[in-house]
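> The structure is given below, and queries will be raised subsequently.
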Amino acid sequence: MLSQTVIREFQQVLGAENVMTEEADRHAYSYDSAVLEPVIPALVLRPPTTEALGRCVRLCSDNRLPITVRGAGTNLSGGTIPSKEQGVVIVTNGLNRIVELSVEDLYAVVQPGVITAHFAHAAAEKGLFYPPDPGSQTVSTLGGNVAENAGGLRGLKYGVTKDYVMGVDFFDTNGELVSSGSKTVKCATGFNLSDLMVGSEGMLGVFSEITLKLIPPPQAHKAMLAVFDSVDKASETVSAIIAEKIVPCTLEFLDNFTIRTVEDFRRAGLPVDADALLLIEVDGHPAEVEEDAAKVHDICLRLGAREVSFAETDEQRDRVWQARRDALPALARLKPTTVLEDATVPRSKIPAMVKAINEIGAKHGLTIGTFGHAGDGNLHPTILTDRRDKDEFARVEQAIEEIFEQALNLDGTLSGEHGIGLAKSKFMEREVGLGTILYSKRIKEALDPHTLLNPGKSFGA
Amino acid sequence: MSDIHELSKLLQELEDQMVTCMKCGMCQAVCPLYAETGKEMDVARGKIALVENLSQEILNDPEGVKERLDRCLLCGSCAAACPSGVRVLDIFLKARAIITGYLGLSPVKKLVFRGMLSNPKLFNSLLSVASRLQGPFTKTVNDTLGSSCARFMSPLLQDRHFIPLAKTPLRKQVGRVSSPPGPSGLRVAIYPGCLVDRIFPRIGTALLDILKAHQVGVVMPDDLACCGIPALSSGDRPTFEKLVRTNLQRLENTSFDYLITPCATCTSTIKKIWPAMAEYFSEAEQRAIQDLTGKTLDATEFLADTLGLGTDELVGAGPGLTYHDPCHLQKSLQVTRQPRALLKAHPGYTFLEMNECDRCCGMGGSFNLQHYDLSRRIGERKLGNILASQAAVVATSCPACMLQISELLSKAEAAVQVRHVLEVYAEALHADTAASRAADGEIAAEREAVRS
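Taken in order, these protein sequences are the chains called A and B.
Mapped onto the working numbering, the consecutive letters of the first sequence carry residue numbers 1 to 461.
Mapped onto the working numbering, the consecutive letters of the second sequence carry residue numbers 1 to 452.
Structural data, given as structure tokens:
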């Protein structure tokens, strides 16, 4: 238990309504979206200003309290689950101001609690484009996106969160403000600390302001849907499109199980006997879009697509993407527990990966639907289970480990966009090797000697 | 107070439903309460986690959980947007009932629900006294809206602007209605709901007008009880069950094709909540509930879908008329086209959509009574959207929303009328044909007779 004196100090800084000490309040900050055991924090703080945020960090530091920063708590790897001993959760959703949005210089400065979709909308209102669109974008915060290096559907052409971070101002473990990056396109001043912050999972600093890059939006887009009788053909098509020097903005894949589940859910007339669907969208200058769409259409047919159809109207386009949006909700309804993985492979290895996932599912008697970002090799094998069934859940954990093994064997990575957090830390060494772990640990020890910033995440304790 | 193990065991009944919540947090995007407070225990995911932890005895504070569960509008926005289809309202209502059963009902609620609401006769006579007494204590503050406020400092009313109780409830105005199916071949039972009966009888008479004009037979018993949602949302399941049984009995020997209601909340309670609570009723009652649920329609749905009234074209011209989607119609029953079709049929208005037309107005029934300040803050957003639409009339299909929106507009000193869709449609009907003008006269005379 924390002393009343410490709690009173926090109350003086934040106001009593922003200091949550009651048991029932703290329990609501004990989990995130990962399928992991909850940990009840000792204290939950919700700073209303960045100044108050800095003072919170300093107070935690003075009292040696471990901090876990939480945006919307949509993390899929347990990165926002607090520490077991005297853990303090700092919620950033009160820091939700877009400080500046520059049309001339194509950047924006935001507080960490700004919601991703709200920001993209604000940029669009000024005629600009913020491409990263993680699945949780209607609730996720930009601070969380940066800390996890979140991706989305547009990764192939537009990259992920890290490609849009120009600068991060953050509080170090003592509550001192550190500035990094710049509002300029070019910046060669000192260590590239803002890139160090991207994907740091809250372990190196507490973000106070983020400078993000914006780009002009594409003028036109065209979506299409290609039906395949084999995953191999679909995957070869993906490679062929890229080899043809066309980079679609989205190139999504649905396997047969997912197609059937989505069709059961929506009855939109998807081909339930197809082995794979590719949902493809090209964007850019109208002339380029027309040309690219025609080429992609031909490539699909040449590589064995059974059928390719264009979305001619906004309504048809919406129907194409509805099928993709439905994938997770439709699968999630089949069983109580949904384990959404994001092991990623080079795109040419997708057929091998899909085959391996299906074999692993069959071997362990598990239901797995696979969909995802075929264009960048980031698949989402989604295991449907019931976490109360101890025997089955043990098989799920075994299957996940084998999926990771396979991804690494295929030159892939443990996580494309969800981060390592608590869920995958024990597998880290297999991917990066001991040297990398030790190097990362030395960085952590140097910058956070008392291990107060989100302890236990990424490479573990 | 019984054993806390007993409580956790009872809550485990909900486990199968709670486990479907994958904690994705998408409910944060749509919860009107969370938008105001930003606190996780105000959103569905957080509340489900609390009930789960209570059921597993990881958390041992039933009062704390109850208090947080009660901070909810029950608008169903979360359930409507939930990727894994969690039946949030079922979980919340059952959990409230279980925890209230364990902690006991507060004395005030016991008096209101067990003493008054579950006894329609007593309740009605108390309200009729209240409607006669309210004059000396209140004064009119906005003529467009017909709202009032307290003349003196009142701890109950505070600085609320409210629509006063009708002088004569619908039940007294029209009595027990029973007419055979006309040339339409249809006969409907009308379930007016407490608010239409006591505060907005004009909505009930509008509905009767429309049905008469379209030659639909009507049965409207004058002794129906409350649909039970106020009691159930306060965790008082025994009173809820009693009210449902009373209603089932009062309707059991009546023949009708549809049960229609002009209140979104009553419609969704009968159609969704009664069946969700069916396990607490006998098999015969369950069959009766199932039968009734199948026949229950929102009045606008019946008029637009069954009778084919209204239009999807924009044909009217004149001042702006906009529509607020009640949560209990839009999120719970997906009824959105039908009320609009009826509104668009009015030749004297230009129908226009406001921004965020389906965002909760913040009323939430007793939420408004218990959390007035939060309710008002949520309502401000609705108020802003209504004013920005520049409509002269805001229509909706839930009398509870009408109360909240009237208060918001009244406090903003706005001259925007608040009307039920049925009132607007009935007016259009009368403006439309000569025959109906005659009927109009008849009804006006009837109303005059009632007043005098």
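Glycine included, every Cβ here is placed at the ideal spot set by N, Cα and C.
Can you list the beta strand (DSSP E) stretches of 3 or more residues lying completely in the region 332 to 372 of chain A, in chain order?
337 to 340
> Would you tell me roughly how many angstroms separate the C-alpha atoms of Ile4/B and Met1/A, rounded to the nearest one?
Taking the straight line joining both Cα atoms gives about 24 Å.
> Only counting the same chain, and skipping five residues up and downstream in sequence, which positions put a Cβ closer than 6 Å to that of Val43/B?
Cys27, Gln28, Cys31 and Tyr34
> Return the residue from the list Tyr102/B, Arg171/B, Leu195/B and Val112/B that minimises the CA-CA distance to Phe162/B.
Leu195/B
> Around the Cβ of Arg8/A, are there at least 16 other Cβ atoms within 10 angstroms (buried) or fewer (exposed)?
exposed
> From the beta carbon of Gln28/B, is the nearest beta carbon of chain A less than 9 Å away?
yes
> Starting from Asp61/B, find everything on chain A with Cβ-Cβ shorter than 7 Å and list it in chain order.
By Cβ distance, chain A contributes Glu23 and Ala24.
> Starting from Ser208/A, trace the beta strand (DSSP E) in both directions and tell me its first and last residue.
Val206 to Lys213
> Any idea what DSSP makes of Lys139/B, helix, strand or coil?
strand
> Under a CB-based cut-off of 9 Å, is Arg324/A close to chain B?
no
> So, using beta-carbon positions, are Gly152/A and Ser61/A closer together than 9 Å?
no
> Can you tell me whether Ser452/B is helix, strand or coil according to DSSP?
Legend: pLDDT at Ser452/B = 45, less than 50; position of this residue unreliable, no value from coordinates given.
> How would you call Gly75/A, buried or exposed, if buried means at least 16 neighbouring beta carbons within 10 angstroms?
Note on identity: in this sequence residue 75/A is Asn, with Gly being the wrong assignment. That one is buried.
> Determine the DSSP secondary structure at Ile90/A, reduced to helix, strand or coil.
Reduced to three states, the DSSP call for Ile90/A is strand.
> Of the residues Pro326/B, Gly38/B, Lys39/B and Ala49/B, which one's Cα is nearest the Cα of Gln17/B?
Ala49/B
> Go ahead and label Leu452/A buried or exposed: buried means 16 or more other beta carbons lie within 10 angstroms of its beta carbon, across all protein chains shown.
buried
> If we call anything under 9 Å between Cβ atoms a contact, is Thr261/B one with Gly228/B?
no
> Relative to the C-alpha of Arg198/B, which residue among Arg114/B, Gly294/B, Arg171/B and Ala414/B is closest?
Arg171/B
> Leu11/B touches chain A at which residues, Cβ-Cβ below 8 Å?
Those within 8 Å of Leu11/B in chain A number zero; the least Cβ separation is about 14 Å.
> Short of 9 Å Cβ to Cβ, which residues in the region 345 to 360 of chain B face chain A?
Cβ contacts with chain A: none found.
> Quick one: does the C-beta of Tyr280/B sit closer than 8 Å to a heavy atom of the ligand FMN?
Looking for the ligand FMN in the displayed structure turns up nothing, as the structure carries no ligands at all.
> Would you kindly work out how many angstroms separate the C-alpha atoms of His450/A and Arg64/A, rounded to a whole number?
7 Å
> Taking Cβ-Cβ distances shorter than 7 Å, what residues in chain B pair up with His27/A?
Those are Ala49, Leu50, Asn53 and Leu59, listed as they occur along chain B.
> Residues of chain B with CB closer than 7 Å to the CB of Leu328/A, please, in chain order.
Pro83
> So, with DSSP's three-state summary, where would you put Arg306/A?
coil
> If we ignore side chains and look at the alpha-carbon of each, how far apart do Glu37/A and Glu22/A end up?
20 Å
> Using the Cβ count rule (16 or more neighbours within 10 Å means buried), how would you classify Asn93/A?
Buried is the call here.
> Beta-carbon of Met20/A versus every beta-carbon of chain B: anything under 9 Å?
yes
> Counting only C-beta atoms, is Tyr31/A closer than 9 Å to chain B at any point?
Yes, its Cβ sits closer than 9 Å to a Cβ of chain B.
> Can you tell me where the alpha helix (DSSP H) with Arg202/B in it begins and where it stops?
Pro201 to Ala213
> Would you mind telling me which residues of chain B sit closer than 7 Å to Ala72/A, beta carbon to beta carbon, in chain order?
The answer, in chain order, is Gly25 and Gln28.
> Which chain B residues are close to Ser136/A, counting only those with a beta carbon under 8 Å from its beta carbon?
Cys24, Gly25 and Met26
> Among Val86/B, Lys39/B, Glu6/B and Val112/B, whose alpha-carbon lies nearest the alpha-carbon of Asn60/B?
Glu6/B
> Can you round the beta-carbon distance between Leu156/A and Pro248/A to whole angstroms, since I take them to be within the 8 Å contact cut?
7 Å
> Could you give the DSSP three-state label for Pro381/A: helix, strand or coil?
If DSSP states are grouped into helix, strand and coil, Pro381/A belongs with the strands.
> Taking Cβ positions, are Thr300/B and Leu259/B nearer each other than 9 Å?
no
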